[in-house]
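Taking it in order: structure first as structure tokens, then the write-up.
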Amino acid sequence: MHIRTLIMAIALLSASALHAEPLAIVVHPSNMAELSGDDLSRLYLGRSRTFPNGDSAIPINLAEGMPARERFDERALSRSSAQLKAYWSKLVFTGKGTPPQEAESHEEVLKLVATNPSIIGYLPASQADDRVRVVMQLD
Amino acid sequence: MRKSLLAVSALSFAFALPVQADLHINGFASITAGTTTGSNDQLYGYSNELDFKNESLFAIQVRSDLGDRLSVTAQVMGRGSNDFDARFEWAFLTYELNDAMRINAGRLRTPFYRFSDFMDVGFAYDWLRVPQGVYGLGLDNIEGISLYRMAQLGDFESSLQLLWGSFSGGITLAGSAADARIDNIAGITWELERDWFSFRAAYLSGKSTIEAPALSPLFAGLTQAGLGGLVAALDFNDDTSEFIGLGVTLDQGDWVLITEYNRIDVKDSFFAKRENYYLSLGYRLDAVTPFVSFEREDHRSKSELYQPFVSVLPEALLQPLMAVVESQAVDTKTWNLGLRYDFHPAAAFKVQYSSQKNDLSGHRHDLIAAGVDIVF
């Protein structure tokens, strides 16, 4: 009885935490770029390949189906994952672009961002640590 | 046969390359089946027999980044309507002058329409097929060079394309096979896009020359009758050809409205003055997008070419002359009703009912088709 209540409480908590938790957009600590929401969406839609200061930028996505990916697609890019898939198939099959590479875990995002000043990624805000700099937060 | 071998060797070549060559291999496929509902109905290559082949296709695209802003892209496609014989739909080099400018050279998709570049990639749009009344000109690929320039104009993303090239290949003219050549194709397309709105304009021109053996006896007869001037006004001999296309897309998230219009003319030829448009409205309900669209084809035959000669020419010349000129007339209205269902992240199921009224014959042709579009 107690255990069941506990499990339910945890499930509820984590579900709501997942819902409410903001996403951190992260870059290398040495990367001092300032980004607007518009800059971010241009990077992830392949419309720009540089930070506003002109340095080259490599966006990294989380893998399809991860909750933070779906939130990012909707919050940062205002599109559903299915719409984005159709969007990218237009660019891929016209040789105009390739979608961002995908990381399989939050830890992989942190590792990639920590090793390359050009890489930009995102993950749930609570997961960001001092290996990266949070350049923007999406609620 | 040779083409299929070529395709296979292109692929094995691609697979044999070392991994670090930065190779992208993508593919798409459509498996579509359809049948007309009336025993005498014919539409888009379907008749009253269930057909799984007519609109099915498979394609593989290979892109290799060679470094230093140079890449090559080749797309090999097999269409069911062509017995799945694989052929190069396009193959071009891309050189990026900078992040905003790019040159493509080789075999390119002719940028007539809003969806030209991916008209075969069913997954990229909601319809089962692009509106045939507007997309039905043919000449979908040309050989040439194009320059793209992307820029931000205020809140709009602007894409400008300049194009120069030529077309040569077999076509069907007045119901018989012919060799066509379009030289000096020059084109400009411009697309402006912001979140929910996009506008596109295209202008292409070229010089059309068509050799149609089936028409030689008629032209020879007219020339003998002293009507060389009429022949020059009928045939395609380096004749100025123009295409104008306009398109608007409004996509506010749930509702999607798409419309395109084009007009086509080949001067000093019996090619009809063509005007086509469609209007499509869709509504996204999560994974399901129902849509309705209306298409209009209006190809006005140049009857004025033969009218002055109706009482002068012998029947043996007048009849074929009128038949050839009037063969270009088209007057249809088509309603489409269908839906797209995203049942899988990389696949969509579609079903579409099309009803086309031919106002010249008075006949209505109804078609039901369903299929799955995949990207991989």
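From first to last, the protein sequence lines stand for chains A and B. If you read the first sequence in the numbering used here, its first letter stands for residue 455, the second for the next number, and so on. If you read the second sequence in the numbering used here, its first letter stands for residue 380, the second for the next number, and so on. In this text, a Cβ means the ideal position worked out from N, Cα and C, and glycines have one as well. Only a predicted model underlies this, so the values are computations on that prediction, with no experimental measurement involved.
- Message: Just to make sure I have the definition right: I need the residues of chain A whose C-beta is within less than 7 Å of the C-beta of Arg758/B. Which are they?
- Response: This structure cannot speak to residue 758/B, because chain B is shown only from 380 to 755.
- Task: Using only alpha-carbon positions, find the residue among Leu429/B, Ala591/B, Glu468/B and Asn419/B that is nearest to Gly406/B.
- Result: Glu468/B
- Which residue or residues does DSSP assign as beta-bridge partners of Met529/B? Ser538/B
- Message: Below 7 Å on C-beta distance, what does Glu536/B contact in chain A?
- Response: Arg501
- Task: Give the C-beta separation of Pro554/A and Ile514/A to the nearest angstrom, bearing in mind that I take them to be a contact with Cβ-Cβ under 8 Å.
- Result: 6 Å
- From the DSSP output, in three-state form, read off Tyr693/B for me. Note that residue 693/B is Pro in the sequence shown, not Tyr. Three-state result, Pro693/B: coil.
- Task: For the stretch 475 to 488 of chain A, enumerate the residues whose C-beta is nearer than 8 Å to any C-beta of chain B, in chain order.
- Result: none
- Can you find a C-beta in chain A that's less than 8 Å from the C-beta of Asp738/B? no
- Task: Please list the residues of the stretch 721 to 734 of chain B that have a C-beta atom closer than 9 Å to any C-beta atom in chain A, keeping them in chain order.
- Result: Asp721, Pro724, Ala725 and Ala727
- Per DSSP, Asn570/A forms a beta bridge with which residues? Asn570/A is not bridged to any residue.
- Within chain A, partners of Thr452/B - CB distance below 8 Å: Gly549
- Stretch pair the stretch 668 to 680 of chain B + the stretch 700 to 719 of chain B: three plus CB contacts closer than 8 Å: yes
- Measure the beta-carbon distance from Thr568/B to Ala581/B and round it to whole angstroms, keeping in mind my assumption that it falls under 8 Å. 4 Å
- Item | CB contact check: Val546/A to chain D, cutoff 8 Å | Included in the structure are the protein chains A and B, with no chain D among them.
- Query: Rounded to whole angstroms, how far is the Cβ of Val589/A from the Cβ of Ala487/A, which I believe are closer than 8 Å?
  - Reply: 6 Å
- Check each candidate in Leu684/B, Arg458/B and Gly626/B and name the one with the smallest Cα separation from Lys646/B. Leu684/B
- Reduced DSSP category for Tyr425/B - H, G, I as helix; E, B as strand; rest coil: strand
- For the candidate residues Asp562/B, Glu434/B, Tyr640/B and Thr416/B, whose alpha-carbon lies nearest to that of Glu428/B? Thr416/B
- Look at the alpha carbon of Trp506/B and the alpha carbon of Asn419/B, and state the distance between them as a whole number of angstroms. 25 Å
- Message: Could you tell me the alpha carbon to alpha carbon distance between Pro483/A and Val451/B, rounded to whole angstroms?
- Response: 36 Å
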